[in-house]
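Enquirer: Sharing a structure, written as structure tokens. Questions coming.
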Amino acid sequence: MSVLRAGAWTAASRVLAQASQFIIFLVAVRLLSAAEFGVFAVVAAWTVILSQFSLAGWPEFVMQWAGTTRRLRQVLAVCLFVGTGFAALGVVAAHVLPYDDDATLRLMWVLALWIPVVSLGATYAGILNLQDRLVPAAIASSLGELANLAVSIAALLNGDGVLALAYGRLAGGLVWLLAVFVLVRLWPDPRMTLAEFLEVFRFSSRIIAVRLLLNLRLYAGTLVIGFYLGAADAGYFRAAQRLVGALSEVLGEPTRVLAWSLFRAARNASSGPQVDFRDTANRFFSALLVVSVPLFAVLALLAEDLVAVVLGPEWGPAVPVVRILAIAYALYASGAATEAILSLAGRIGLLPWLVAAYAVIGVALTVIAAHWGLEATAWAQVAAATVIFVTTMLVQFHAARIRWVEILARLWAMPVALAVALGLAWGFNGLAPLQVWPAALRLVLSSVVALVVYSGALMVVDRRFLRLILDRRKGD
């Protein structure tokens with residue numbers, strides 16, 4: 001497997017997912033009322049919460065597994081059983097929510113069916129990761145997204161209303177599940193001892209705790225701003241967070257799946273009592289930061305045009321928040337690999353405590369900064385990200401011998417190349433003739449200039465990157 005090819009396919013699948021969701025949104029806003037959107041938002045939020053519990057840590061458990069396939073089949077059975085249970089809970093909840101019309105009940109029924117489907121699909125995808133079949137996994141995910149897009153649009157145009165969005169989500173999940181099942185070809189096996197079940201349960205309970213704490217940290221800023229500064233500022237903050245978060249998601253999924261694959265190979269090759277991920281980490285994190293940091297930097301540089309194109313000129317107050325949050329998310333970029341590193345190093349027990357500490361730090365800094373306004377709250381996210389980044393460096397060293405001093409030393413050329421690229425892109429974007437061009441065109445051209453110049457400058461300043469690309473092309 002080519003790591004570059006696998007990463008590119010995974011990133012492309014996330015870009016497709018973002019584009020698919022955006023297209024569905026554009027069509028839906030023209031055909032659905034605000035009230036229908038509100039009902040879907042409430043019901044979908046409830047089912048997403050249930051699906052997070054249903055997912056538990058099944059994919060992560062199978063990705064770190066080093067034994068026979070029998071345990072994988074057992075985990076699939078547990079996943080199916082738990083997913084079905086949460087689907088039943090979702091159906092019961094349909095009669096508790098403050099909506100009693102038939103359409104809402106049908107909506108809840110359809111989305112409840114989606115819960116075990118997505119849980120089982122994610123677990124099969126985890127097995128594909130275990131088998132280092134990352135490209136087929138990305139293709140299967142893309143097929144699911146295309147099915148979601150096709151069914152949602154067709155049902156919307158057919159007049160199915162808010163149910164169209166649920167039909168699309170269920171169809172996408174079913175296509176994804178079918179695709180990954182065909183690739184893996186393992187049937188669930190419910191036969192397992194109590195000791196085997198408790199081993200899986202202990203691991204998954206830690207992952208659930210991590211998921212809940214991560215969501216707390218993610219939404220703390222919006223909730224605190226809404227409380228202290230009002231709904232308008234909360235809207236600006238959430239919009240900025242969503243824009244920067246879209247790029248973070250595109251980068252985060254390839255980071256996560258490649259981290260599991262590469263560090264698992266390093267663990268399997270390790271012979272000592274403690275894993276040593278040093279060499280793998282030097283290559284992995286160097287490549288990650290060389291790619292992610294300039295993307296967030298370009299996002300910050302061109303935030304004004306981006307907000308104008310995506311949100312509209314009336315969202316101008318979100319521009320400085322986008323720029324500040326881009327710094328925070330650049331610091332968070334390497335964190336997507338922490339779960340894999342600690343799991344494979346046998347230190348998964350540290351993860352809930354670590355994430356709990358991160359959540360407390362993030363929420364505390366957000367509450368303190370909210371008194372000084374929107375931008376101060378955004379800077380609080382940068383402060384929290386800095387503390388988290390430094391803490392993660394120390395934890396990774398003690399758990400897996402990862403030396404971030406060595407990693408950062410390998411990146412000496414990146415600031416030079418980035419400064420040259422951003423300077424030229426800023427000058428290009430400010431040219432007088434370009435000011436009469438559409439903001440979307442100016443945004444695309446300036447981004448291309450920045451990234452092309454950055455790539456060229458990086459290969460000129462540090463020839464290692466040029467040799468790396470040439471070696472990869474020969475290897476492929």
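Just so we're aligned: 206 in full-length UniProt numbering is position 206 of the sequence shown, and the numbers increase by one with no gaps anywhere.
Virtual Cβ for every residue (Gly too), placed ideally from N, Cα, C.
(1) In chain order, which continuous runs of the alpha helix (DSSP H) of length 4 or greater are located wholly inside the stretch 118 to 204?
(2) On the three-state DSSP scale, how would you describe ALA56?
(3) Classify LEU198 as buried or exposed, calling it buried when 16 or more other Cβ atoms lie within 10 Å of its own Cβ.
(4) Could you tell me how far apart the beta carbons of VAL298 and SER455 are, in whole angstroms, since I believe they sit closer than 8 Å?
(5) Just the Cα atoms here: how many angstroms apart are SER20 and ARG14?
(6) For ALA439, collect the residues of the same chain with a Cβ closer than 6 Å to its Cβ; drop the 5 residues on either side in sequence, then sort them by chain order.
(7) Measure the C-alpha to C-alpha separation of MET393 and ALA246 and round it to an integer number of angstroms.
(8) LEU89 to ARG106, Cα distance in whole Å?
(9) Three-state secondary structure (DSSP) at GLY83?
(10) Is DSSP giving HIS95 helix, strand or coil here?
(11) Excluding the 5 residues preceding and the 5 following GLU196 in the sequence, name in chain order all residues of the same chain whose CB lies nearer than 8 Å to its CB.
(12) Helix, strand or coil: how does DSSP classify ARG410 here?
(13) Check SER286 in the structure and name its three-state DSSP category.
(14) Does DSSP put LYS474 in a helix, in a strand, or in coil?
(15) Does the stretch 160 to 174 come within contact of the stretch 313 to 324, defined as at least 3 CB pairs closer than 8 Å?
(16) Just the Cα atoms here: how many angstroms apart are PHE25 and ALA11?
(17) Rounded to a whole number of angstroms, what is the C-alpha to C-alpha distance between ILE348 and ALA357?
(18) Which of the three DSSP states, helix, strand or coil, is assigned to MET1?
(19) Measuring only the C-alpha atoms, how far is ILE361 from GLY252?
(20) Nearest-angstrom Cα distance between TRP412 and ALA385?
(21) Using the rule of at least 16 other Cβ atoms within 10 Å of the residue's Cβ for burial, across every protein chain shown, is ASN148 buried or exposed?
(22) Between ASN129 and VAL257, how many whole angstroms is the CB-CB distance? I'm expecting something under 8 Å.
(23) Considering Cα atoms alone, identify which of GLY121, ALA265, ILE139 is closest to TRP9.
(24) Out of THR193, LEU120, ARG202, ALA259, state which residue places its alpha-carbon closest to the alpha-carbon of VAL180.
(25) Would you identify the three-state DSSP class for THR68, choosing helix, strand or coil?
(26) Do you know how far the Cα of MET192 is from the Cα of SER248?
(27) Would you tell me roughly how many angstroms separate the C-alpha atoms of LEU50 and PRO415, rounded to the nearest one?
(28) Excluding the 5 residues flanking PHE389 on each side, which residues of the same chain have their C-beta closer than 8 Å to its C-beta?
(29) Determine the burial state of ARG242: buried for a count of at least 16 other Cβ atoms within 10 Å of its Cβ, exposed for fewer.
(30) Going by C-alpha distance, which of ALA421, THR104, ALA239, MET63 is nearest GLN131?
(31) Note down the Cα distance separating GLU406 from ALA266, rounded to an integer number of angstroms.
(32) Mapping the DSSP letters down to three states, classify ILE402 as helix, strand or coil.
(33) State the DSSP-derived secondary structure class of ALA345, mapped to helix, strand or coil.
Expert: Reading off the structure:
(1) 134 to 157, 163 to 184
(2) coil
(3) exposed
(4) So it is not a contact: roughly 12 Å between Cβ atoms.
(5) 10 Å
(6) ASP305, ALA308, VAL309
(7) 25 Å
(8) 15 Å
(9) helix
(10) coil
(11) ARG71, GLN74
(12) coil
(13) helix
(14) In this predicted model, LYS474 has a pLDDT of only 48, less than 50, meaning its place in the structure is not dependable; the value taken from the coordinates is given anyway. Residue state, collapsed to three classes: helix.
(15) no
(16) 21 Å
(17) 15 Å
(18) In this prediction, MET1 has a pLDDT of 48, which is less than 50 and means its spatial position is unreliable; what the coordinates show is noted afterwards. MET1: coil per DSSP, three-state reduction.
(19) 22 Å
(20) 22 Å
(21) buried
(22) 6 Å
(23) ILE139
(24) LEU120
(25) coil
(26) 39 Å
(27) 43 Å
(28) LEU331, TYR332, SER334, GLY335
(29) exposed
(30) MET63
(31) 18 Å
(32) coil
(33) coil
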